[in-house]
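What follows is a short report on a single structure.
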Amino acid sequence: MPGKKMAAEKLTAQKFTAKKIVILGATSGIALEVERIFARQGCELLLVARSPQRLAELQADLLIRGASAVSTYPADLASVQQHAAVFDYSRRTLPDFDTVLLAYGSMHDQKDTEASVDVLLDELQVNFVSASAILTLFAADLERRRTGCLAAITSVAGDRGRRVNYAYGSAKGALSLFLQGLRSRLHLAGVRVITIKPGPVQTPMTDHLPNSARFAEPAQAARDIVRALHRRSPDVLYTPRIWRYVMSVVHHIPETVFKRLSF
Amino acid sequence: MSGQSAAISRRQKAVTLPTTRILSWGRYPKTAHQHVYRPAWNDEVPAILNAAAPGSLLPYGLGRSYGDSCLNAGRELIDCRRLNRFLAFDESTGMLRCESGVSLSAIIDTFLPQGWFLPVTPGTRFVTVGGAIANDVHGKNHHCAGTFGAHVRQIALHRSHDGLVPCNYDDNSAMLRATIGGLGLTGVIAWADIQLKRVAGSWIDAESIPFQSLQAFLDLSRESNDRFEYTVAWLDCFAGKNLRGIFFRGNHAANPGKKYHPKRALKLPFALPSWFLNRHSIKALNAAYHRVHTSWKRKALLPYDSFFYPLDAVGQWNLLYGKPGFVQYQCVIPETNCAALEELLDRIAFSGMGSFLGVLKQFGPAPPAGLLSFPRPGLTLALDFAMRGERTLQLLQSLDEVVQQSGGALYPAKDARMSPDLFAASFPRWRSFVPYIDPKMSSSFWRRVTEAR
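For the record, the sequence lines run as chains D and H. For my numbering, count along the first sequence from 1 and bump the result up by 212. For my numbering, count along the second sequence from 1 and bump the result up by 227.
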């Protein structure tokens, strides 16, 4: 199918501009900043998050900031049973969405995940199982329409298992791997898949970590993400960019050495 | 565990931070806080208030108060910066409802392109709406527009015992007046209704006029106040016996004509050595500043940000003063007592510790919007002093005497060291403010000036 392949490559080579965006986990710290930028650019947004009240506040804010339309759907995305309803709503409300950003996640204390299997399973459920499930629904739609962009926020923690956060890291790492495969599949249909790997960012999810005041600003991460969504850009986005280099070093430390490191 | 319950346990954890160091803009005093809560939504605030011990909390915004009025040493802060959403805007009237952590900068960025501007703006755009209300800030248009609080129509206040209390001029008006200028002590502002002002564009018709004496300043100010919305003067307190300064005045330009391109701000990456600003370098800077402004043509069309926020062009300019930080001294002196102002300037000139940023402005007759509002009819003088320990404190002490004898007052938002006596003299109504304080709230400043533990 050389014709098909060429069409796909042409599509990815074009300057892509996100206009109608579905955000899964719209009230997460990084998503809030991403939405503001899209609002200023006059985009149309569909927001999914748990709290109807927070969604209403967010909707008002984004409309004032310039979003051309904002619709909301309250759902707990950690529960896979609710995914069909979320997807149906998106198809009905924003049938020609061109971008999907998955932005939710959870970070339990590593020690809690070691002490309780329930907590560990919850960590995997929220960050990987549910995320890959809902991405599958949206991926099929974009693949069928042969357009658009699918992005998900994973983490640099998923690049290598570490003593201090391997439960979170393994869930995010699994999601990164899932996206890698998905990218290869959707590439044939001209759909972009972007893996977003933020370093530590100052959000409610990370407030309890030591030194959180030194983490990157969510607004900075959001600028990088929006740029990546709009343009032809690396398939895997590290933000701040320094983490690409940090992780490439970390990646090459031999396991016999790495297991002795305390970070 | 379901996602929902996991989410709840996450939230509870996310509420506390380990001990952190937060400084005010003057970087003096150095304090440590036990916890900093960082709620991202108004629905998280009641739980924080409920769980707190009496007198343990204080709302915190962008930390642009110079002294300790935004600090709560050894206790806890509620960082409101994530409460930064616009909730409603009426495009026909310019009435904006926003959460308390919204910065004035965000309001300008969003609404100036639509032809709306802040009714009152202080000398920096990096303050929150909550902070602007809590300090009842003033600007270059005080003589005709009053303070920021005068343009607040309604607020909703998180109180530890009464829940979310709406306050406007019909309901709970006393609580509204206590919260305006209330230094954050009456509760956490959930949202506020602010009346924005229609403007033609981003440009200011500005004039600068050099003056050589206090009398000349007064003449200029009186003559300008009717014709110009914005007036302020820069003062060189190192010029010796002969006062010199530059009077700035301006109006919103009627026809923008030009396109406005925002500039990127420079940012100081770290604290400069504390000797960087000494009497010689300040003298040189002042002379240069004076020369630049006297050599320019008198009239110019300026973009709003270089007219209102010249200092914002250097992010973190407070680091110029180095590690020890600095204190700002802002007083108001009744107009009938101009001799006191001259005495102040004499003492500062004699000490040789004057500052680069001397600002002089005539306040208007507007009645105070809040119970503890600082602005009142008179002349207000604001100066920075590099913190050099006892030497600096003694100079300020001697300035206090002049201010107190003249019947003047000091500005809490700028203060890190005034005595309880001077506070009581500056704010004779402070005891009637006490009943409005939320029992969970306190601040370093409040404990200091009321001698409470």
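Just so it is clear, CB atoms sit at the ideal spot from N, CA and C, and this is done for glycine as well.
- The continuous stretches of alpha helix (DSSP H) do not include H/A279, and DSSP gives it neither H nor E.
- Collapsing the DSSP output to three states places H/C371 in a helix.
- The C-beta distance from H/P349 to H/R309 rounds to 22 Å, too long to fall under 8 Å, and the pair is not in contact.
- Between H/G585 and H/K641, the alpha-carbon positions lie close to 14 Å from each other.
- In the three-state DSSP reduction, H/P604 falls in the coil class, being neither helix nor strand.
- Apart from the 5 residues on each side of it in sequence, D/R439 sits with its Cβ closer than 8 Å to the Cβ of S445 in its chain, given in chain order.
- In this structure, D/I235 is the residue among D/A351, D/S344 and D/I235 with its C-alpha nearest to the C-alpha of D/A251.
- With its beta carbon at least 8 Å from every one in chain D, H/F474 lies outside the interface.
- Under the Cβ criterion of 8 Å, H/A267 is counted among the residues facing chain D.
- Contact of H/L289 with chain D by beta-carbon distance below 9 Å is absent, the smallest such distance being about 14 Å.
- Look at the stretch 303-328 of chain H: the residues with a C-beta under 7 Å from a C-beta of chain D are R312, F313, L314, A315 and F316.
- At least one C-beta of chain D is nearer than 8 Å to the C-beta of H/T337.
- Comparing C-alpha distances from H/S292 to each of H/W502, H/P662, H/L410 and H/L547 shows the shortest one belongs to H/L410.
- D/R453 counts as exposed, since fewer than 16 other C-beta atoms from the protein chains shown sit within 10 angstroms of its C-beta.
- Between the alpha carbons of D/S344 and D/P286 lies a gap of roughly 19 Å.
- Excluding five sequence positions before and after H/A636, the CB atoms of its chain that fall closer than 6 Å to its own CB belong to V559 and S653, given in chain order.
- No Cβ-Cβ contact shorter than 8 Å links H/E326 with H/W430.
- Look at the beta carbons and you see the stretch 594-610 of chain H not touching the stretch 665-676 of chain H: under three pairs across the two are nearer than 8 Å.
- Residue burial annotation: H/H369 is buried, with at least 16 other C-beta atoms found within 10 angstroms of its C-beta.
- Among the CB atoms of chain D, one or more fall inside 8 Å of the CB of H/D270.
- Rounded to the nearest whole angstrom, the CA to CA distance from D/K323 to D/A290 is 21 Å.
- For D/P410, the enclosing beta strand (DSSP E) covers residues R404 to P410.
- Closest option to D/G254, judged by alpha-carbon separation, among D/M319, D/A279 and D/R303: D/A279.
- Using a Cβ-Cβ cut-off of 7 Å, D/A287 is close to nothing in chain H; its nearest Cβ partner there is about 10 Å away.
- In the DSSP assignment, H/W461 falls within the beta strand (DSSP E) that extends over Y457 to D463.
- Burial is judged here by how many other beta carbons sit within 10 angstroms of a residue's own beta carbon; D/L394 has at least 16 and is buried.
- Inside the stretch 348-398 of chain D, DSSP marks whole beta strand (DSSP E) runs of 3 or more residues at positions 361-365, from first to last along the chain.
- Taking C-beta atoms under 8 Å as the contact rule, H/T258 and H/L298 qualify, at a distance of about 5 Å.
- Annotation: Cβ neighbours of D/G241 in chain H (cutoff 9 Å, chain order): A267 and R309.
- No Cβ-Cβ contact shorter than 8 Å links D/K409 with D/N339.
- D/S291 sits in coil when the DSSP states are folded into three classes, being neither helix nor strand.
- Between the stretch 353-371 of chain D and the stretch 396-411 of chain D, the count of C-beta pairs closer than 8 Å reaches three or more; the two stretches touch.
- H/S653: member of the alpha helix (DSSP H) spanning P647 to S653, first to last residue.
- Proximity of chain H to D/Q265 at the Cβ level (cut-off 7 Å) is accounted for by D270, in chain order.
- For D/I465, the closest Cβ of chain H is not nearer than 8 Å.
- The beta carbon of D/S460 lies closer than 7 Å to none in the same chain, with the five residues before and after it left out.
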